[in-house]
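Take a look at the structure set out below.
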RNA sequence: GGCCCCGUAGUUCAACGGAUAGAAUGGAAGUUUCCUAAACUUUAGAUACAGGUUCGAUUCCUGUCGGGGCUACCA
């Protein structure tokens with residue numbers, strides 16, 4: 001029995017058309033899709049593109065191709081034509097063979113690394129002056145999932161994090177701590193380190209605003225001018241210069257505060273279930289960025305102004321000029337990113353560098369690519385910005401600059417609490433131990449959060465509704481987890497050891513529609529993974545998994561699995577359930593979502 | 001002002017240029033001597049607007065109207 005009917009059909013179509021008309025049709029131009037479920041058939045060939053070549057009406061064309069294909073390929077059991085669509089039905093024996101070949105495959109849909117070219121995926125990219133918030137959650141989940149999906153498609157992936165640990169914003173929280181901190185530590189304050197430092201950043205902005213208000217009132221300055229002249233801002237800039245000169249006292253405080261932050265971030269990452277293969281720090285890359293800029297200046301690619309600032313002229317690329325070094329010689333965000341890109345390229349020589357960064361930075365990445373191109377860097381074209389939209393909450397918008405943020409830790413606490421409350425109300429966990437309960441509430445709460453966010457197309461702005469995400473009905477993570485737990489329960493009841501020895505092939509004639517629908521859906525999983533990888537879209541996996549669970553429930557409802565008089569059919573169904581569970585497990589794994597054995 | 005992204009049932013999301021625009025949720029009505037009812041079944045309900053491109057447009061192009069973002073010597 002052939003293993004790849006799509007390919008065989010497409011090749012046969014190409015040959016048939018060539019014999020008929022003498023014209024070559026490439027495989028990419030043959031539109032063969034899975035038949036939509038409201039029509040009879042397994043694969044559908046769209047024949048409209050061939051009507052001019054074959055010079056027949058769409059219906060005649062489809063009929064001609066159907067006859068020729070059925071005669072040529074044994075696995076095609078029948079065909080029929082609706083308008084210009086040729087629906088092909090495969091022999092049930094093909095689907096049974098598919099089940100037999102995959103039923104004990106624990107890695108169904110997940111390939112081992114087969115592509116030697118590296119992909120580097122950067123995500124998270126926090127600033128050390130602020131705790132992680134809801135936007136970071138979407139970022140982390142997307143990045144982690146995309147990395148796993150690329151891996152499942154056979155690519156070698158390195159997950160990296162780039163920590164923004166230097167710059168004027170970091171100096172602001174340092175300055176506030178130096179002025180108002182009185183030697184406070186996370187321990188004495190009773191706060192996570194990242195929260196403590198974040199509070200000083202907020203404190204700086206508050207004190208600065210007070211100074212600005214005074215200047216505006218007393219000297220009649222504009223808000224913008226007042227901000228620049230305010231003593232605190234001047235001090236922050238002085239601190240940045242001291243930092244770049246490696247002033248020992250400044251460096252000591254900087255290191256101490258950063259260590260607090262990293263400890264806090266680690267706890268949040270661990271809880272979120274994400275990890276990195278390598279962490280870059282901008283304090284290590286900005287000098288390389290400066291070097292690249294100075295090199296470009298020497299070669300005459302970049303321009304220096306009278307005040308000493310260095311710029312890239314991008315008007316030939318339809319962009320404005322871009323500052324790369326300030327007049328005082330300190331570097332900006334773009335400078336750091338130039339250095340980071342170079343370092344990353346030197347480290348891994350990746351064929352592709354994916355940056356998971358919010359869409360408000362679309363312009364930044366446009367400029368980054370073009371500056372690198374101007375500098376003659378070969379990797380400029382391999383940079384891919386995976387741009388995602390904002391996450392909003394039902395209560396309204398989140399704006400980190402205005403202090404309206406949803407803290408990542410708080411949100412995860414919330415999800416855990418809701419998972420506990422909902423589960424306890426249903427009274428399903430009474431026989432669980434305390435540890436098992438804690439574990440389960442974590443898995444459900446995080447599953448709800450992850451699934452809700454990942455099922456949406458990354459580039460779209462989205463609305464996250466915590467209450468709706470944790471609903472056990474509908475297109476949610478907990479629904480999928482629940483379906484998985486039920487299948488596992490069935491398999492435990494049946495006794496899995498009995499399953500290993502049986503032949504899952506009943507007489508094809510004994511298989512009913514529900515079983516066939518489920519089997520065919522499962523068949524599509526590897527294809528879905530491949531699509532998700534090429535489009536960098538976890539949403540594809542999420543929506544497929546939901547479809548699978550729903551289909552399983554319908555199958556399960558109509559086909560009694562254990563109490564079936566016909567033993568062969570029943571065991572065949574158990575095999576089908578087993579492959580379904582495995583597929584849910586693998587699919588959720590690609591989203592970074594755990595599935596519990598019981599719930 | 002200029003540039004970019006987005007406008008789909010009441011709501012949250014789907015739909016390589018393909019068939020009768022799918023789900024879920026909320027609304028209405030049902031199903032439990034049964035292996036997890038956190039399930040299943042039935043039902044009403046949508047492509048912002050106007051043109052164009054073609055066998056065919058939610059999808060591509062143009063314009064209008066809405067929403068968001070960017071346009072920093074912040075990151």
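Numbering (this note's numbering), first residue to last: 1 to 599. C-beta: ideal position from N, C-alpha, C; glycine also. Here the structure is a predicted model, which means the values were calculated and not measured.
Judged by DSSP secondary structure, residue 283 falls within the alpha helix (DSSP H) whose first and last residues are 282-298.
Selection 285, 118, 580 evaluated against residue 525 yields 580 as nearest (Cα-Cα).
With contacts defined as CB atoms closer than 7 Å, residue 66 and residue 90 fail to qualify as a contacting pair. For residue 515, the closest alpha carbon among the candidates 551, 538, 490 is that of 551.
Here residue 133 carries a strand assignment [DSSP, helix/strand/coil]. Here residue 205 is not near residue 232, since their CB atoms are 7 Å or more apart. In the structure shown, residue 10 adopts helical secondary structure according to DSSP, grouped into three states.
If you look at residue 122, you'll find it in the beta strand (DSSP E) that goes 115-122.
A buried status is given to residue 561, since no fewer than 16 other beta-carbon atoms sit within 10 Å of its beta-carbon.
Taking a 10 Å sphere around the C-beta of residue 293, we find 16 or more other C-beta atoms and assign the residue as buried. Buried is the label assigned to residue 50, since at least 16 other Cβ atoms lie within 10 Å of its Cβ.
A straight line joining the alpha-carbon of residue 442 with that of residue 436 spans about 10 Å. Contact check between the stretch 191-198 and the stretch 253-267: three or more CB pairs, one atom from each, fall below 8 Å, which counts as touching. Annotated three-state conformation of residue 543 is helix, per DSSP.
The straight-line gap separating the alpha-carbon atoms of residue 369 and residue 344 is approximately 14 Å. CA-CA distance, residue 289 to residue 338, rounds to 5 Å. Of the residues 387, 138, 271, 482, the one whose Cα lies closest to the Cα of residue 428 is 482. Spatial neighbours of residue 476 in its own chain (CB-CB distance under 8 Å, excluding positions within 5 residues in sequence) are listed in chain order as 448, 451, 452, 468, 469, 470. If you compare the alpha carbons of 535, 373, 40 with that of residue 145, the shortest gap goes to 535. Boundaries of the alpha helix (DSSP H) around residue 491: 477-494. The C-alpha of residue 112 is placed about 7 Å away from the C-alpha of residue 152. Following the DSSP letters along the chain, one finds residue 383 inside the beta strand (DSSP E) bounded by residues 383-388.
Minimum Cα-Cα distance from residue 211 among the listed residues 201, 196, 228 corresponds to 228. In the three-state reduction of the DSSP assignment, residue 462 falls in the strand class, which pools E and B. Where residue 159 is concerned, the enclosing beta strand (DSSP E) starts and stops at 155-163. Separation of residue 70 and residue 486 (C-alpha to C-alpha, rounded to the nearest whole angstrom) is 41 Å. The bridge partners DSSP lists for residue 358 are 388. Spanning the alpha carbons of residue 82 and residue 158 requires a straight line of approximately 48 Å. Just measuring C-alpha positions, the residue of 88, 131, 24 sitting nearest residue 43 is 88.
Closest in alpha carbon position to residue 371, among 523, 336, 350, is 336. In the three-state reduction of the DSSP assignment, residue 52 falls in the helix class, which pools H, G and I.
Annotation: the continuous beta strand (DSSP E) that includes residue 80 extends over 76-82.
Boundaries for residue 393: no beta strand (DSSP E) harbours it, and the DSSP string shows neither H nor E there. Taking C-beta atoms under 8 Å as the contact rule, residue 254 and residue 243 qualify, at a distance of about 6 Å.
One Cα belongs to residue 415, the other to residue 64, and the distance between them is close to 58 Å. Here the alpha carbon of residue 26 sits roughly 18 Å from the alpha carbon of residue 4.
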